[in-house]
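Each remark here refers to the structure printed beneath this line.
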Amino acid sequence: MTAILLKGKEIREEILAELKSEVEQIKKEHGIVPGLVTVLVGEDPASVSYVTSKIQTAQNLGFKEVQVNKPETITGEELLELVHGYNRDETIHGILVQLPLPKHIDDKKIINAIDPDKDVDGFHPVNVGRLVIGPSEVKFPPATPAGIFEMIRRSGIKTEGAEAVVVGRSNLVGKPIANMLLQKAEGANCTVTVVHTRTKDLAFHCKRADILIVAAGVPQLVKPEWIKPGACVIDVGVNRVGEKISEKSGRKIAILKGDVDFDMAKEIAGWITPVPGGVGPMTITMLMKNTVNALKYKLGII
Ligand code: NAP
105 MTAILLKGKE
115 IREEILAELK
125 SEVEQIKKEH
135 GIVPGLVTVL
145 VGEDPASVSY
155 VTSKIQTAQN
165 LGFKEVQVNK
175 PETITGEELL
185 ELVHGYNRDE
195 TIHGILVQLP
205 LPKHIDDKKI
215 INAIDPDKDV
225 DGFHPVNVGR
235 LVIGPSEVKF
245 PPATPAGIFE
255 MIRRSGIKTE
265 GAEAVVVGRS
275 NLVGKPIANM
285 LLQKAEGANC
295 TVTVVHTRTK
305 DLAFHCKRAD
315 ILIVAAGVPQ
325 LVKPEWIKPG
335 ACVIDVGVNR
345 VGEKISEKSG
355 RKIAILKGDV
365 DFDMAKEIAG
375 WITPVPGGVG
385 PMTITMLMKN
395 TVNALKYKLG
405 II
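Here the sequence shown stands for residues 105 to 406, where the numbers follow the working numbering.
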């Protein structure tokens with residue numbers, strides 16, 4: 105058996121096209137476009153590259169995009185002031201503060217200062233609470249889990265009554281996706297198990313999974329024999345396992361592997377995400393969707 109590949113890049117293009125036409129429609133009917141501010145502190149190369157992709161995507165969709173770059177020396181108080189300013193700015197509907205922040209700044213304090221109705225990352229405790237209460241309360245599901253949920257939904261994978269096993273319990277991926285799949289709602293209604301480093305028998309749980317979501321950050325943690333034939337396997341892990349020379353650019357690039365032994369697993373699973381090119385491309389797309397929704401909530405059209 106060879107699994108169907110769940111390609112985030114293709115699903116991303118589908119969603120971006122939908123968002124673009126929504127933005128045009130809102131502009132036509134209400135004379136306003138989504139406003140997104142991206143705040144970057146310092147010059148960490150991974151953060152710079154990630155923020156650049158967010159900015160480009162927002163611009164391509166026709167958002168008002170505000171970029172704020174601040175030096176590492178900015179104080180927590182100054183950053184709080186900045187956030188308060190964008191909370192008050194009527195033309196800004198989404199605020200993204202790139203994490204991690206420098207050590208001298210308490211990132212929880214900054215996240216908690218963002219207006220929950222502009223917190224398109226979905227990290228504010230109010231939005232975490234909304235996600236747990238769900239489904240009608242949910243406003244801004246965090247982007248990576250939202251991307252996973254959307255991939256499953258758009259691929260027509262049956263979730264109702266399915267055994268979903270989530271490997272990892274982080275606030276970023278494991279806990280939110282477990283909550284989303286647990287909801288009494290279309291595209292969810294799973295029986296969810298969350299496993300972690302203290303779980304006694306990881307293999308036992310994985311083997312029961314109709315939907316297996318792996319977000320551990322351990323290369324090839326999940327062995328092919330742990331996969332139930334026909335299961336949907338979502339590999340969130342992104343692990344740098346070496347370097348190679350790119351054929352395209354001639355430059356050194358990282359060799360990335362997921363948390364699942366992809367080559368073997370694809371012969372057993374029914375659906376599987378590749379790494380890279382699976383879950384990864386969905387994250388920024390879902391941030392954009394949250395920003396469009398932030399404006400729609402404000403206009404009272406959802
Ligand atoms: P994290 O905060 O480090 O959490 C990892 C979780 O996995 C923890 O709950 C940990 O358990 C569990 N875990 C680690 N090793 C394990 C093992 N041997 N057996 C069972 N459980 C184990 O990581 P994260 O932020 O959730 O990210 C996970 C992976 O997804 C990383 O590779 C990250 O790069 C990737 N990621 C990708 C995207 C994307 O593609 N867009 C976005 C976010 C994250 P304990 O709680 O017991 O320590």
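Don't be surprised by glycine CBs; every beta carbon is placed ideally from N, CA and C.
Local Cβ density within 10 Å of residue i, reported as buried at 16 or more and exposed below that
i, result
"valine 141", "buried"
"leucine 403", "exposed"
"aspartate 58", "This structure cannot settle anything about residue 58, because the visible part of the chain is limited to 105 through 406."
"lysine 393", "buried"
"isoleucine 218", "buried"
"alanine 320", "buried"
"aspartate 210", "exposed"
"proline 229", "exposed"
"lysine 332", "buried"
Separation of residue j from residue i, as counted between CA atoms
i, j, result
"alanine 409", "leucine 276", "Absent from the structure is residue 409, since the part of the chain shown begins at 105 and ends at 406."
"alanine 266", "alanine 289", "13 Å"
"lysine 370", "alanine 107", "5 Å"
"proline 280", "alanine 358", "28 Å"
"alanine 398", "glutamine 287", "22 Å"
"valine 379", "leucine 316", "15 Å"
"aspartate 305", "glutamine 171", "47 Å"
"proline 245", "leucine 203", "17 Å"
"proline 175", "lysine 168", "23 Å"
"arginine 355", "glycine 384", "21 Å"
"proline 206", "glycine 146", "8 Å"
"aspartate 221", "histidine 197", "8 Å"
"lysine 113", "glycine 346", "23 Å"
"asparagine 231", "glycine 135", "28 Å"
"alanine 268", "valine 201", "32 Å"
"proline 149", "glutamate 181", "25 Å"
Same chain, Cβ closer than 7 Å to residue i, five either side skipped, listed in chain order
i, result
"serine 157", "Ile388"
"asparagine 293", "Thr263, Glu264 and Gly265"
"lysine 400", "Ile406"
Cβ shell of residue i (< 6 Å), same chain only, five flanking positions each side left out
i, result
"tryptophan 330", "Ala307, Cys310 and Lys311"
"threonine 377", "Leu110, Ile338, Asp339 and Val383"
Close beta carbons around residue i, own chain, < 8 Å, minus the five adjacent residues each side
i, result
"glycine 166", "Lys124, Val127, Glu128, Lys131 and Val137"
"glycine 341", "Val318, Ala319, Ala320, Gly321, Val322, Pro323, Leu325, Lys361, Gly362, Asp363, Val364 and Val379"
(request) Could you tell me which uninterrupted beta strand (DSSP E) segments, each at least 3 residues in length, are contained entirely in the stretch 277-307, listed from first to last along the chain? (result) Those beta strand (DSSP E) runs which fall completely within the stretch 277-307 and span 3+ residues are 295-299.
(request) Can you list the residues near ligand 1, meaning Cβ strictly closer than 5 Å to any non-hydrogen atom, in the order they appear in the chain? (result) Thr248, Gly272, Arg273, Ser274, Leu276, Val277, His300, Thr301, Ala319, Ala320, Gly321, Val322, Val340, Gly341, Val342, Val383, Gly384 and Thr387
(request) Let me know the alpha helix (DSSP H) ranges lying completely inside the stretch 175-256, each 4 residues or longer, listed in chain order. (result) 180-192, 211-217 and 229-237
(message) At 3 residues or longer, what runs of the beta strand (DSSP E) sit wholly inside the stretch 119-157?
(response) You should have 139-145.
(message) Suppose only complete runs of 3+ residues qualify. What are the beta strand (DSSP E) ranges in the stretch 298-380, listed by chain order?
(response) 315-318, 336-339, 343-349 and 356-361
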